[in-house]
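Protein sequences, first through last, are from chains A and B.
Quick note on my numbering: the first sequence kicks off at 1 and runs consecutively.
Quick note on my numbering: the second sequence kicks off at 1001 and runs consecutively.
Built from N, CA and C at the ideal position, the CB exists for glycine as well.
Number of protein chains: 2
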Amino acid sequence: MTESYPVTERSRVRRAHERGSHARADVYAVLDASPLCHVGYVIDGAPYVTPTLQWRVGDRVYWHGSAASRFLRAARGTPVCLTCSQMDGYVMARSAFSHSVNYRSAMVFGTANLLEGEEAIGAALRDMIEDFFPGRWETLRPMTDQERKATAVLWMDIEEASVKVRNAPPGDGAEGDYPVWAGVIPIRTVLDAPCPAPELPADMPVPEGLAALVASGRLR
Amino acid sequence: MTESYPVTERSRVRRAHERGSHARADVYAVLDASPLCHVGYVIDGAPYVTPTLQWRVGDRVYWHGSAASRFLRAARGTPVCLTCSQMDGYVMARSAFSHSVNYRSAMVFGTANLLEGEEAIGAALRDMIEDFFPGRWETLRPMTDQERKATAVLWMDIEEASVKVRNAPPGDGAEGDYPVWAGVIPIRTVLDAPCPAPELPADMPVPEGLAALVASGRLR
């Protein structure tokens, strides 16, 4: 496997290309840090953007939903653009024009496929749970056939992808004499202390893995 | 103006419709709380999902970018789906099937229009700065004609929209006897203390408005 995705008309970073990359490692880093993705489909010529969670196994990205979902049914076999973005800071400059955002975003392109077979669906959902919460799958009440039948899992191999990252102070430092505050307001997404379900026995501890995740500053 | 958007084939909430709303107030609340949006366009039949900031004036949503951007040029006059989503918590259940996410998301549909005229562009960008950072516009180095010419502002009137919100403990409380921890891990996006630009005079204080924004727990 090559280190970079092909740079095509579809995926080439055009604006602010010094912020761009097509390297697999850079694409994976943004996908893995951003569980929430926005999946773009075309249905009858019109765009739809659906938020969902994604997980990745090698060069294959997965997402899931109800087996009855029109988006998942309509997406099968069609081109998809799946985008993950995180804001990392507001960039405050001297001029309105130089205001910006520090961010990481990945756009990945491919063709949506419906995962077939209950066994494969079960395995993919185990991967998902383990990807977010390592060690949790074995502790759960096992999935039923009915639950697997009610779940659609989609996957796509990444055909093309691009990443853009901005992580810098304001770009108009040359105007540093202008008398207005400039800098970066960092933005972070954090996990807070777990809230037990109301019916949970009071003496049931938070699993170590979940406590470690909350402490890690990561989303998975 | 009616209190709700029309419920159409395009915007009707199908899955988990008890979480859905088409009320303007609900749509506005999600848009206003989520500056980052994902805009879906169709170019040559294929979907593209671009992250950008949005702001709202009444029933009109705005976003902007470089005047040279292919997305902004291609989007002009075409149907757009603009989606704002926030994750509010991981929902941990007894079964894999009942795991979920607490979230707020809005999908808004309309037709992209390019804002014409330097004066209108300047006014829209003032609205944007003031929407994020009230009082800041007047403190900035004024925009130049060249900066306004380099900026494209797009807008669309919201034709249809839907909101989905989940904000609840795990749904499988009836299985509360199963011996695994269940509950919600809250997710929050926060602003941290402002970092001054390297060239900023050491004695320049953070403006009161920015300090208040950081303290507010809101993103704008």
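Inset, instruction - Return the residue from the list R1076(B), R1070(B), R1019(B) that minimises the CA-CA distance to A16(A). - result: Position 16 of the first sequence, counted from the first residue, corresponds to residue 16(A). Of the listed residues, the one whose Cα sits closest to A16(A) is R1070(B).
Legend entry - Own chain partners of A1067(B) with C-beta closer than 7 Å, once the 5 adjacent residues on each side are dropped: Along the second sequence, read from residue 1 onward, the residue named residue 1067(B) stands at position 67. Contacts found: K1149, A1150, T1151, A1152.
Legend entry - Sub-8 Å separation of P1142(B) and Y41(A) beta-carbons: What you label residue 1142(B) is simply residue 142 of the second sequence in a count that begins at 1. What you label residue 41(A) is simply residue 41 of the first sequence in a count that begins at 1. For P1142(B) and Y41(A), no; Cβs fall outside 8 Å.
Legend entry - chain A within 8 Å of W1055(B), Cβ atoms only: Within the second sequence, the letter at position 55 stands for residue 1055(B). It does not; no Cβ of chain A falls within 8 Å.
Inset, instruction - Could you tell me which chain E residues have their CB closer than 8 Å to the CB of G176(A), listed as they occur along the chain? - result: Considering every chain present, this structure includes no chain E. Its protein chains are A and B.
Legend entry - Per-residue contacts from L1155(B) into chain A (C-beta, under 8 Å): Position 155 of the second sequence holds residue 1155(B). Inspection of the sequence shows that residue 1155(B) is occupied by Trp rather than by Leu. Taking a Cβ-Cβ cut-off of 8 Å, W1155(B) has no neighbours in chain A, whose nearest Cβ is about 17 Å from it.
Inset, instruction - Would you check if there are 3 or more beta carbon pairs closer than 8 Å linking the stretch 74–94 of chain A to the stretch 106–116 of chain A? - result: Contact holds: three or more Cβ-Cβ distances are below 8 Å.
Inset, instruction - Give the residues of chain B in contact with I158(A), contact being defined as C-beta atoms less than 9 Å apart. - result: Here the question's residue 158(A) lines up with position 158 in the first sequence. Within chain B, no residue comes near I158(A); the closest Cβ sits about 15 Å away, beyond 9 Å.
Legend entry - Whole-angstrom distance between M92(A) and V13(A), CA atom to CA atom: Position 13 of the first sequence, counted from the start, is the residue given in the question as residue 13(A). Position 92 of the first sequence, counted from the start, is the residue given in the question as residue 92(A). Their backbone Cα atoms lie some 24 Å apart in a straight line.
Inset, instruction - Could you pull the start and end residues of the beta strand (DSSP E) that M204(A) belongs to? - result: Residue 204(A) sits at position 204 when you count from the first residue of the first sequence. Careful: M204(A) lies outside any beta strand (DSSP E) and carries neither H nor E.
Legend entry - Best match in V1007(B), G1209(B), V1030(B) for proximity to P1134(B) [C-alpha to C-alpha]: Counted from its first residue, the second sequence places residue 1134(B) at position 134. Nearest neighbour of P1134(B) by Cα position, chosen from V1007(B), G1209(B), V1030(B), turns out to be G1209(B).
Inset, instruction - Taking all protein chains shown into account, decide if M1156(B) is buried (16 or more other Cβ within 10 angstroms of its Cβ) or exposed. - result: Looking up residue 1156(B) in the second sequence gives position 156. With 16 or more other Cβ atoms from the protein chains shown falling within 10 Å of its own Cβ, M1156(B) counts as buried.
Inset, instruction - Entirely within the stretch 38–116 of chain A and at least 3 residues each: give me those beta strand (DSSP E) ranges in chain order. - result: With a minimum length of 3 residues, the unbroken runs of beta strand (DSSP E) contained wholly in the stretch 38–116 of chain A fall at 46–53, 55–57, 60–66, 79–92, 100–111.
Inset, instruction - Going by CA-CA distance only, name the one from P205(A), P198(A), P169(A) that's closest to L1200(B). - result: Residue numbering aside, residue 1200(B) sits at position 200 when the second sequence is read from its first letter. It is P169(A).
Inset, instruction - Could you work out which residues of chain B lie near Y221(A), taking near to mean beta carbons separated by less than 9 Å? - result: Within the shown structure, residues of chain A are numbered from 1 to 220, placing residue 221(A) beyond reach of any answer.
Legend entry - Alpha carbon of I1185(B) to alpha carbon of M128(A), nearest angstrom: Here the question's residue 1185(B) lines up with position 185 in the second sequence. Here the question's residue 128(A) lines up with position 128 in the first sequence. Within the model, the alpha-carbon separation for I1185(B) versus M128(A) is close to 17 Å.
Inset, instruction - Could you confirm whether any beta carbon from chain B is found closer than 8 Å to the beta carbon of H64(A)? - result: Taking the first residue of the first sequence as 1, we reach residue 64(A) at position 64. Not closer than 8 Å to any Cβ of chain B, the Cβ of H64(A) fails to qualify, so no.
Inset, instruction - With 8 Å as the threshold, decide whether the Cβ of T111(A) is near any Cβ in chain B. - result: The residue labelled residue 111(A) in the question sits at position 111 within the first sequence. Interface annotation, T111(A): not in contact with chain B, CB-CB separation never under 8 Å.
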